[in-house]
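K.L.:
Given below as structure tokens:
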């Protein structure tokens, strides 16, 4: 009995000492893992790949105006070619897109200018240059699962980036820099 207790005590000491040895200032760090589980996969192609930049035309403070809302000048169309969208959900039919960001306005109408120098102006997304697409909300792309029935079939989605005046008469000149992510899903 004593031998079993001694053996158990020595085992506990050995295990504790092993942890104590690794706990003496050995450098460490943090590893960040990112991933996603979705019901669809799609290949996205733009002029610059799946991650891309949209360069809007410069506008003057006077063309931004004093009214809160979309600015008509300076918008820029961008197109994403979508192919090979497969779904693991047999009941899903409509391909949806979500534009999201941590720097979205409280009303989810525009992206805040998070690293540019202009004030009172952000960037809004529109489907046609006029109809706003709210952020952090799922939107119908108009594409269906059947549009990708043939391997390699490609469909195009065109959206517009517009300046958005949220400062009224208090807009100042400077750069506008912001970002959003997009994800696809079937519903």
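In mature numbering (1 follows the signal peptide of the UniProt record, and there is no 0), the protein residues as written are -20 to -1, 1 to 167.
No residue lacks a Cβ here, since even glycine has one placed at the ideal position from N, Cα and C.
Note that this is a predicted model, so its numbers are computed, not measured.
1) According to DSSP, is residue 43 part of a helix, a strand, or is it coil?
2) Can the beta-carbon of residue 91 be found less than 9 angstroms from the beta-carbon of residue 83?
3) Does the beta-carbon of residue 32 have 16 or more other beta-carbons within 10 angstroms, so that it is buried, or is it exposed?
4) Kindly confirm or deny that the segment 140 to 158 and the segment 94 to 112 touch, where touching means at least three C-beta pairs closer than 8 angstroms.
5) For residue 113 versus residue 123, is the C-beta distance shorter than 9 angstroms?
6) Leaving out five residues on either side along the sequence, give the residues of the same chain with a beta carbon under 7 angstroms from the beta carbon of residue 158.
7) On a Cα-Cα basis, can you pick out the residue from 54, 154, 117 that is closest to residue 162?
8) What is the C-beta distance between residue 54 and residue 38, in whole angstroms, given that I count them as a contact (C-beta under 8 angstroms)?
9) Assuming residue 134 and residue 62 make a contact with CB atoms under 8 angstroms, what is their CB distance in whole Å?
10) Assign residue 26 to one of three DSSP states: helix, strand, or coil.
11) Any idea what DSSP makes of residue 128, helix, strand or coil?
12) How big is the Cα-Cα spacing for residue 164 and residue 109?
P.N.:
By the coordinates alone:
1) helix
2) yes
3) exposed
4) yes
5) no
6) 83, 91, 92, 93, 94, 102, 103
7) 117
8) 7 angstroms
9) 7 angstroms
10) coil
11) helix
12) 21 angstroms
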